[in-house]
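24 is the number of the first residue of the sequence shown in the numbering used here; add one for each residue after it. Glycine included, each C-beta is placed from N, C-alpha and C at the ideal position. In this text, all values refer to a predicted model and were calculated from it rather than measured experimentally. Structure record follows, encoded as structure tokens.
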Amino acid sequence: MKRLANWNHKHLIGLEHLEREELEVIHETARSFRQTLGRPVKKLPSLRGKTIVNLFMEPSTRTRLAFELAAKRLSADIISIIGQASSLTKGETLKDTALNVQALNADMIVLRHSSAGSPLYLSQVVDVPVISAGDGAHEHPTQGLLDSFTLRDHLGELEGKKITILGDILFSRVARSNVFALTKLGAQVTLAGPSTLVPHDFTNLGVEVSHDLKAALADADAVMLLRIQHERQSSTHFPSLGEYTSMFGLNEHRVSWLKPNAIIMHPGPVNRGVEIDSTLADSKRSVILDQVTNGLAIRMAVLYLCSTASDFRKKELAQ
Ligand code: CP
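Encoded structure:
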């Protein structure tokens with residue numbers, strides 16, 4: 024297996040510490056895998072003989088399915104373990120779970136967990152590559168990769184492009200990974216929403232913060248909507264969902280504030296009628312399902328690149 028230039032990471036924990044060139048390598052690899060997805064025979068032999076275990080300790084539809092399909096398209100075997108149906112419910116630790124997975128000769132672990140930092144921790148206790156599928160409010164790296172990939176499809180190079188991310192930024196791992204990816208790719212990012220969910224501190228990440236929805240939408244080339252992350256909020260950050268929708272929901276009136284060609288994105292799951300009107304989620308401006316399709320190619324690229332880097336290291340150590 025040949026190691027690709029500009030990629031030597033065995034794990035993918037987040038996007039914060041990746042270089043722009045590394046993001047571009049993942050995008051290029053995903054682009055070439057995407058070309059194969061429309062073929063009558065979709066399987067490639069790239070990861071034949073490998074076994075991947077999906078450890079999903081939080082609910083997921085898109086990410087889990089995309090990782091499963093990505094592994095199958097690359098001819099790897101993949102098994103998913105769902106937290107509620109595992110021995111974690113009997114008191115077993117995440118570390119012991121992962122060590123047991125490794126003892127069964129898994130070659131790679133994909134982890135979604137409610138605790139920020141759990142993929143990094145796991146990468147320090149097992150020998151196999153660990154890929155984060157989202158950890159608490161920390162990062163969701165493959166989402167940031169597929170969103171920036173989708174944006175490049177629709178807007179071309181992102182240098183100077185204006186991207187507004189609107190909604191629950193404070194509790195959003197998607198927002199963080201997107202901020203890291205998009206700013207490295209040269210985009211100007213504005214985080215918008217109520218001040219309780221979009222604190223001024225985020226300007227430290229090299230982005231603008233706005234509580235003025237009209238201004239935040241007016242010059243955007245794309246708006247990415249985020250749902251309210253009830254599962255991570257221990258206290259109330261706005262009076263009611265209805266109040267949030269009336270102040271910050273994207274509706275037919277507010278969409279007219281956008282430039283005519285601006286696109287609408289959402290990582291899913293969409294709460295129709297809360298952060299976005301149903302008609303807009305289904306409108307021509309919406310690229311929400313393109314994001315999902317691109318998520319498959321991105322996960323194929325990440326599994327392939329990390330597995331290849333890991334094998335390359337093992338070979339070097341053996342010499
Ligand atoms: N975008 C995303 O992570 O969706 P799921 O929670 O369904 O995986």
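Below 8 Å, too few C-beta pairs join the segment 36-46 and the segment 74-84 to call them touching: fewer than three.
By the CB criterion at 9 Å, leucine 122 and valine 148 fall inside the cutoff. Within 10 angstroms of the beta-carbon of leucine 312 lie fewer than 16 other beta-carbons, which makes it exposed.
At least 9 Å separates the beta-carbon of alanine 160 from that of serine 109. Residue pairing by DSSP puts glutamate 162 in a beta bridge opposite Asp158.
Taking non-hydrogen atoms of the ligand CP into account, the C-beta of glycine 157 is found less than 8 Å away from one of them.
For valine 315, the secondary structure class from DSSP, reduced to helix, strand or coil, is helix. Residue pairing by DSSP leaves lysine 33 without any beta bridge partner.
A contact is defined here as three or more CB-CB pairs under 8 Å, and the segment 53-60 fails this definition with respect to the segment 272-291.
Here proline 152 is buried, its C-beta having at least 16 other C-beta atoms within 10 Å. Close to the ligand CP, as judged by a C-beta nearer than 5 Å to any of its heavy atoms, are the residues Ser83, Thr84, Arg85, Thr86, Pro290 and Gly291, in chain order. If you check the CB distance, valine 212 and glycine 167 do not come in under 9 Å. Contact between the segment 289-307 and the segment 61-70 is absent: fewer than three C-beta pairs spanning the two stretches fall below 8 Å. Taken in chain order, the complete beta strand (DSSP E) segments of 3 residues or longer contained in the segment 212-267 are 231-233 and 245-248. If the five residues before and after arginine 308 are omitted, its C-beta is found closer than 6 Å to the C-beta atoms of Ile286 and Ile287, all from its own chain and listed in chain order. For proline 142 against isoleucine 36, the beta-carbon gap comes to about 5 Å, under 8 Å, which counts as contact. When DSSP states are grouped into helix, strand and coil, threonine 52 belongs to the helix group. For the 9 Å CB-CB criterion, alanine 245 and lysine 185 form a contact. Per DSSP, serine 103 is one residue of the beta strand (DSSP E) stretching across 100-105. Along the segment 142-208, the alpha helix (DSSP H) occurs as fully enclosed runs of 4 or more residues at 164-178 and 196-207, listed in sequence order.
For leucine 326, the three-state secondary structure derived from DSSP is helix. For leucine 273, the secondary structure class from DSSP, reduced to helix, strand or coil, is strand. Only residues of its own chain outside the window of five on either side were considered, and among them Pro164, Gly167, Ser200, Phe203 and Ala204 have a CB closer than 6 Å to the CB of leucine 38, listed in chain order.
The alpha-carbon separation between serine 146 and glycine 72 amounts to approximately 22 Å. Of the candidates Ser263, Pro82 and Phe172, Pro82 places its Cα closest to the Cα of glycine 106.
Exclusion of the five residues before and after arginine 87 leaves Asn77, Phe79, Ser103, Arg135 and Ala156 as the residues of its chain whose Cβ lies within less than 8 Å of its Cβ.
For threonine 302, the enclosing alpha helix (DSSP H) starts and ends at 301-304. For threonine 86, the three-state secondary structure derived from DSSP is helix. In this structure, threonine 187 and leucine 240 form a Cβ contact; the two beta carbons are roughly 6 Å apart against a cut-off of 8 Å.
Taking C-beta atoms under 8 Å as the contact rule, arginine 85 and glycine 272 fail to qualify, at a distance of about 22 Å.
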